Every structure is written in structure tokens, then in C-alpha cells.
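The block underneath contains the structure these notes are about, expressed in C-alpha cells.
Protein chains in written order, with my numbering: chain Z, 1 to 204; chain C, 1 to 228.
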């Protein structure tokens with residue numbers, strides 16, 4: 001781990017772009033699938049949910065990174081990571097919900113409904129753990145979280161468009177609802193393969 | 001309640017993955033190889049059994065208002081134990097499952113069973129339910145992983161399947177194949193149960209800790225439609 005102030009712009013751009021396109025959380029890594037299938041029916045819900053996820057991911061990383069490096073590792077408590085991270089994230093989401101409800105009602109009316117849904121969203125816990133596993137410094141962790149959140153946003157928004165089209169189609173009875181949605185997700189996921197080489201070529 | 005029925009419910013009739021549609025993330029992610037599916041399934045079964053027993057034993061002590069945080073702490077504790085055991089005795093599986101091992105904490109099957117079964121039933125019944133649901137999860141994962149591994153890499157549990165080695169459909173092992181096989185399996189279950197799967201998925205929703213918020217989402221939506 002390098003110093004906190006180490007600044008490598010190109011490195012950060014690569015982290016951001018790969019998190020958004022190549023290692024897309026939903027379509028390539030299978031994280032946050034429940035909310036992806038549940039909330040992507042309508043564009044406004046998909047947008048609200050994704051913005052809330054980006055917000056919570058950044059917040060969770062900002063809190064769990066110092067916990068990992070200033071509390072868990074110096075005292076040899078690495079095995080408490082899972083317990084501590086999930087508790088901190090759950091408490092944080094509750095706290096943020098209360099605070100923005102009181103002080104920023106406009107933001108609450110836009111995102112408030114989605115916040116409790118996020119506590120048990122695996123994508124948020126995953127981004128906190130993956131940042132530690134990849135040994136990113138603080139800035140890179142934040143950029144990776146932003147990229148992961150944006151990737152989730154991109155997948156949700158794209159897919160809500162696909163689903164709006166699908167509602168007009170005639171689906172065989174057995175395939176209605178979930179099965180056909182999964183098959184559409186599979187096709188959208190193939191589209192993301194196209195990005196695989198882009199990052200290497202751009203920054204080679 | 002009939003004990004045998006409690007045990008077998010999770011295996012087929014209320015299979016958590018294919019009928020209740022819970023735990024979709026790990027099902028899609030680890031079902032690339034049959035051996036991974038068994039590892040993930042057994043790890044989740046152990047956590048589910050322990051958490052069901054503990055939550056059922058404490059169901060009269062835990063106050064209703066703070067039950068979800070209590071469940072999460074209990075589950076996270078058991079997941080940590082399982083994580084350490086797997087790291088110590090099966091490092092290869094640990095490597096393969098990676099991030100999805102700690103993510104058992106947020107697996108909806110476990111919280112869902114706590115909410116729907118363990119906090120209303122006796123310790124013994126909850127243990128049976130935990131085993132049944134856990135094995136149902138393992139079975140569904142194994143079915144998915146077998147299809148993906150046999151046709152995607154031409155092997156099963158790492159052993160070559162004769163005649164398929166030259167005809168791999170590699171995309172089945174990749175992300176799109178996961179979505180596709182899962183979709184087709186649910187459609188198959190739908191066909192066999194004549195649409196029962198969808199109805200049970202609603203029940204699965206009731207057990208989700210986010211159900212209340214999700215309901216609010218639906219209500220907000222309806223209000224908006226009425227205005228329009």
C-alpha cells in the first residue's frame with residue numbers, strides 16, 4: 001500500500017473504466033442481482049436505486065477503508081472483517097436515512113425509499129471487501145467504488161429500457177416474468193464483452 | 001407439523017433458488033463448476049443450520065424491533081467461522097469462491113428463513129428446515145453447475161466427459177451463460193409446476209428483510225399512477 005497522497009491519474013482512470021465497463025458488477029460479476037431484477041422495471045426507479053447505491057458505496061468505502069487499515073490490521077483483527085463491515089454498513093445506512101430525512105428532505109424524497117433496500121445488497125459489502133482484497137490505497141478505493149456504482153447505474157438504466165420493450169412482446173407462458181428477464185440479461189451481458197479489449201487498447 | 005415434510009419442503013416444492021428465487025447472486029456466480037457448487041452449497045447449509053438453530057432458540061429473547069440487526073450479527077458470526085474453516089481445510093475451494101464466501105452474510109436465503117421460519121418454530125423444526133433448504137440450495141446449484149460445466153467445458157467435477165471435449169460451448173461458463181441457464185431452469189420448473197413458481201416467489205418476498213421498503217416502493221408507484 002502506497003502513501004495516501006500518491007497520485008497516479010492514468011492508474012485511476014484505468015481503475016474507473018474497468019470497474020464501469022469490463023468488470024461490470026451486475027453483468028460480469030453477478031453482484032446486486034436481486035435489486036437488478038427487482039427494481040429495473042421502470043426507468044425512474046432504476047435511476048433512483050442506482051444513485052442511492054453509488055452514494056452508499058462511496059460512503060461505505062470511506063468508512064470501511066480506515067477501519068481495515070487503522071483498526072483491524074494493526075491489532076491483528078482481520079478475521080472480524082465480515083462481521084464489522086456488515087454492521088458498519090447497516091448502521092451507516094440507518095444513520096444516513098435519519099439525517100437526510102431531517103436536513104435534506106428533497107434528497108430523501110428522491111432516494112429515501114431505496115436506502116433500506118441497500119443494507120442487504122451484496123454489491124455494497126462486496127465493494128468494501130474487494131477494495132481491501134485488491135490492496136488499493138484510499139483514493140483508488142474511492143475511485144473503484146465510484147466506478148462500480150456507475151457500472152451498476154449503467155446496467156440498470158440500459159436494462160430498464162430492454163424491459164420496457166419486452167413488456168409489449170408475447171412471451172410463452174412458462175417464460176413469463178423472471179425467465180425471459182434473465183435471458184434478456186444474458187444478451188445484454190454478451191454486449192458487455194465488447195468492452196473487454198477496449199481498456200487494454202486505450203491505455204496500452 | 002409433519003417433520004419429514006419440513007425437511008423435504010426445501011428440496012423441491014419450495015426450492016430456495018428455483019422456486020422461491022432467493023440467493024440469485026451466488027447461484028449465478030459459483031455455478032461454473034460442479035465442485036464449486038458443492039463447496040458453496042455446503043458452506044451455506046452449515047451457516048443456515050447454525051443460524052436457524054440459534055435464532056429459533058433465541059426467538060423469545062430477541063425484541064421484535066431490533067430482530068433484523070440481531071439476525072445479521074448472528075449470521076455474520078457463523079459466516080466468519082465457516083470462512084476460517086474453509087480457509088484452513090479447503091484452501092482450493094476458498095480460492096474459487098473468493099468474495100462469495102463472506103457474502104453468504106447477505107444471502108437472502110439465510111435471512112429469509114430466519115424471518116419466515118426460525119422465529120416462529122421450535123429449534124428442532126428449524127434445524128430440519130435449515131438442512132432441507134440448505135440441501136435444496138446445493139441441489140439447485142449442482143444442477144446449474146452440471147449443465148454449465150458439462151456443456152461449457154466438457155468436464156464434470158473436473159473429469160472429462162467423453163465425446164464433449166471437442167464441442168465446448170464456452171459461453172455457458174461465462175456470465176451470459178449463467179443468466180441463460182438460470183432463466184431456462186426457472187422456466188422448466190414453471191412448466192412442470194404449472195406456474196406455481198411465480199406464486200411462491202411472492203412468499204419468498206415476504207421473508208425478505210427489505211420487504212417493507214419494497215412494499216413502500218410499490219405503494220409510491222401506485223400513488224404516482226393514480227395521480228397520472
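We put the beta carbon where it would ideally sit given N, CA and C, even for glycine.
Note that the coordinates shown come from a computational prediction; the quantities given were computed from them, not determined experimentally.
*Own chain, CB closer than 7 Å to residue 156 of chain C, minus 5 neighbours either side, in chain order*: Numbered from its first residue, the second chain carries residue 156 of chain C at position 156. The answer, listed in chain order, is 34, 146, 149 and 150.
*Taking Cβ positions only, does residue 84 of chain C come closer than 8 Å to chain Z?*
Here residue 84 of chain C refers to the residue found at position 84 when the second chain is read from its first residue. Residue 84 of chain C counts as touching chain Z.
*Kindly list the residues whose CB is nearer than 7 Å to the CB of residue 156 of chain Z, restricted to its own chain and excluding five residues on each side of it in sequence; keep chain order.*
Here residue 156 of chain Z refers to the residue found at position 156 when the first chain is read from its first residue. Hits under 7 Å: 36, 40, 46, 49 and 50.
*Per DSSP, which residues does residue 155 of chain C bridge with? Please list them.*
To locate residue 155 of chain C, count along the second chain from 1; it is residue 155. According to DSSP, which records beta bridges pairwise, residue 155 of chain C is partnered with C:160.
_Does chain C have any CB closer than 8 Å to the CB of residue 98 of chain Z?_
Taking the first residue of the first chain as 1, we reach residue 98 of chain Z at position 98. Taking Cβ atoms only, chain C never reaches closer than 8 Å to residue 98 of chain Z, which makes this a no.
*asked:* Here's the rule: buried if 16 or more other CB atoms are within 10 angstroms of the residue's CB, otherwise exposed. What is residue 133 of chain Z?
replied: Looking up residue 133 of chain Z in the first chain gives position 133. Looking at its Cβ environment, which holds fewer than 16 other Cβ atoms inside 10 Å, residue 133 of chain Z is exposed.
*For residue 134 of chain C versus residue 44 of chain C, is the C-beta spacing smaller than 8 Å?*
By one-based count along the second chain, residue 134 of chain C stands at place 134. By one-based count along the second chain, residue 44 of chain C stands at place 44. The answer is yes: Cβ separation under 8 Å.
*Would you give the residue range spanned by the alpha helix (DSSP H) that residue 97 of chain Z belongs to?*
For the purposes of this step, residue 97 of chain Z is taken as residue 97 along the first chain, with counting starting at 1. Looking at the DSSP string, the run of the alpha helix (DSSP H) that includes residue 97 of chain Z is 81-103.
*Just the Cα atoms here: how many angstroms apart are residue 2 of chain Z and residue 135 of chain Z?*
Stepping through the first chain from its first residue, residue 2 of chain Z is reached at position 2. Stepping through the first chain from its first residue, residue 135 of chain Z is reached at position 135. Note that residue 2 of chain Z scores a pLDDT of 48, beneath 50, so its modelled location is shaky; the value from the coordinates is reported in the next line. When rounded, the distance between both Cα atoms is 9 Å.
*Can you name, in chain order, every residue of its own chain whose Cβ lies under 8 Å from the Cβ of residue 181 of chain Z, other than the five neighbours on each side?*
The residue labelled residue 181 of chain Z in the question sits at position 181 within the first chain. So the list reads 37, 163 and 166, once near-sequence residues are dropped.
*Would residue 135 of chain Z count as contacting chain C if we go by Cβ distances under 8 Å?*
Position 135 of the first chain, counted from the first residue, corresponds to residue 135 of chain Z. False, the Cβ-Cβ gap to chain C never drops below 8 Å.
*N-terminal and C-terminal residue of the alpha helix (DSSP H) that residue 46 of chain C is part of*: By one-based count along the second chain, residue 46 of chain C stands at place 46. Here the alpha helix (DSSP H) through residue 46 of chain C covers 34-57.
_Which of the three DSSP states is assigned to residue 168 of chain C in this structure?_
Indexing the second chain from 1 puts residue 168 of chain C at position 168. Coil, per DSSP.
*Quick one: Cα of residue 90 of chain C to Cα of residue 98 of chain C, how far?*
What you label residue 90 of chain C is simply residue 90 of the second chain in a count that begins at 1. What you label residue 98 of chain C is simply residue 98 of the second chain in a count that begins at 1. Using only the alpha carbons, I get a separation of about 12 Å.
*Going along the chain, which residues of its own chain have a beta-carbon closer than 7 Å to the beta-carbon of residue 182 of chain C, five neighbours each way excluded?*
Taking the second chain and counting its residues from 1, one reaches residue 182 of chain C at position 182. Cβ within range, chain order: 27, 28 and 144.
*Going by the beta-carbon positions, is the gap between residue 10 of chain C and residue 142 of chain C smaller than 8 Å?*
Along the second chain, one-based indexing puts residue 10 of chain C at 10. Along the second chain, one-based indexing puts residue 142 of chain C at 142. Not a contact, by the Cβ cut-off of 8 Å.
*Cβ atoms of residue 113 of chain Z and residue 60 of chain Z: under 8 Å apart, would you say?*
Along the first chain, one-based indexing puts residue 60 of chain Z at 60. Along the first chain, one-based indexing puts residue 113 of chain Z at 113. Not in contact: residue 60 of chain Z and residue 113 of chain Z (Cβ atoms no closer than 8 Å).
*asked:* Taking its Cβ as the centre, do 16 or more other Cβ atoms sit within 10 Å of residue 85 of chain C, making it buried, or is it exposed?
replied: Counted from its first residue, the second chain places residue 85 of chain C at position 85. Exposed, because fewer than 16 other Cβ atoms sit within 10 Å of the Cβ of residue 85 of chain C.
*Do you know how far the Cα of residue 149 of chain Z is from the Cα of residue 29 of chain Z?*
For this step, residue 29 of chain Z is matched to residue 29 along the first chain. For this step, residue 149 of chain Z is matched to residue 149 along the first chain. Straight-line Cα distance between these residues: approximately 13 Å.
*Own chain partners of residue 12 of chain Z with C-beta closer than 6 Å, once the 5 adjacent residues on each side are dropped*: In the first chain, counting from the first residue as 1, residue 12 of chain Z sits at position 12. These residues qualify, in order along the chain: 143.
*Residue burial classification, residue 66 of chain Z (beta-carbon count within 10 angstroms, cutoff 16)*: Within the first chain, numbered from 1, the residue matching residue 66 of chain Z stands at position 66. Burial call: exposed.
_Partner residues on chain C for residue 185 of chain Z, Cβ-Cβ distance less than 7 Å_ = For the purposes of this step, residue 185 of chain Z is identified with residue 185 of the first chain, where counting begins at 1. Within chain C, the residues near residue 185 of chain Z are 179.
_What would DSSP say about residue 153 of chain Z, mapped onto helix, strand or coil?_
What you label residue 153 of chain Z is simply residue 153 of the first chain in a count that begins at 1. If DSSP states are grouped into helix, strand and coil, residue 153 of chain Z belongs with the helices.
*In this structure, does DSSP put residue 128 of chain Z in helix, strand or coil?*
If you number the first chain from 1, residue 128 of chain Z lands on position 128. If DSSP states are grouped into helix, strand and coil, residue 128 of chain Z belongs with the helices.
*Listed from N- to C-terminal order along the chain, which residues in the region 164-188 of chain Z have their beta-carbon within a distance smaller than 9 Å of any beta-carbon of chain C?*
172, 173, 174, 175, 176, 177, 178, 179, 180, 181, 182, 183, 184, 185, 186, 187 and 188
*Excluding five sequence neighbours on each side, which residues of the same chain lie with their C-beta closer than 7 Å to the C-beta of residue 19 of chain Z?*
Numbered from 1 along the first chain, position 19 holds the residue referred to as residue 19 of chain Z. Here the set comprises 144, 147, 148 and 151.
*Return yes when the Cβ of residue 153 of chain Z is within less than 8 Å of the Cβ of residue 125 of chain Z, no when it is not.*
The sequence position of residue 125 of chain Z within the first chain is 125, counting from 1. The sequence position of residue 153 of chain Z within the first chain is 153, counting from 1. Cβ atoms of residue 125 of chain Z and residue 153 of chain Z: not closer than 8 Å.
*First and last residue of the uninterrupted alpha helix (DSSP H) at residue 10 of chain Z*: Stepping through the first chain from its first residue, residue 10 of chain Z is reached at position 10. Unbroken alpha helix (DSSP H) run through residue 10 of chain Z: 9-17.
*Mind the definition here: the region 119-132 of chain C touches the region 4-18 of chain C only if three or more C-beta pairs lie below 8 Å; say whether that holds.*
yes
_Less than 8 Å between CB atoms is the rule here; does residue 197 of chain Z satisfy it with respect to chain C?_
Position 197 of the first chain, counted from the start, is the residue given in the question as residue 197 of chain Z. Chain C, which has no Cβ nearer than 8 Å to the Cβ of residue 197 of chain Z, makes this no.
*Between residue 140 of chain C and residue 18 of chain C, what straight-line distance do the alpha-carbon atoms span, to the nearest angstrom?*
On the second chain, residue 140 of chain C is found 140 positions in, with the first residue counted as 1. On the second chain, residue 18 of chain C is found 18 positions in, with the first residue counted as 1. Going by the C-alpha atoms only, they are around 7 Å apart.
_Contacts of residue 62 of chain C in chain Z (Cβ-Cβ under 9 Å)_ = Stepping through the second chain from its first residue, residue 62 of chain C is reached at position 62. Chain Z residues near residue 62 of chain C: none, gap ~16 Å exceeds 9 Å.
*Using the rule of at least 16 other Cβ atoms within 10 Å of the residue's Cβ for burial, across every protein chain shown, is residue 161 of chain C buried or exposed?*
Within the second chain, numbered from 1, the residue matching residue 161 of chain C stands at position 161. Exposed.
*asked:* If the criterion is Cβ atoms closer than 8 Å, does the pair residue 96 of chain C and residue 52 of chain C meet it?
replied: Along the second chain, read from residue 1 onward, the residue named residue 96 of chain C stands at position 96. Along the second chain, read from residue 1 onward, the residue named residue 52 of chain C stands at position 52. No, the Cβ-Cβ distance between residue 96 of chain C and residue 52 of chain C is not below 8 Å.
*So, is residue 55 of chain Z buried or exposed, given that buried needs 16 or more other C-beta atoms within 10 angstroms?*
For the purposes of this step, residue 55 of chain Z is taken as residue 55 along the first chain, with counting starting at 1. With 16 or more Cβ atoms within 10 Å of its Cβ, residue 55 of chain Z is classed as buried.
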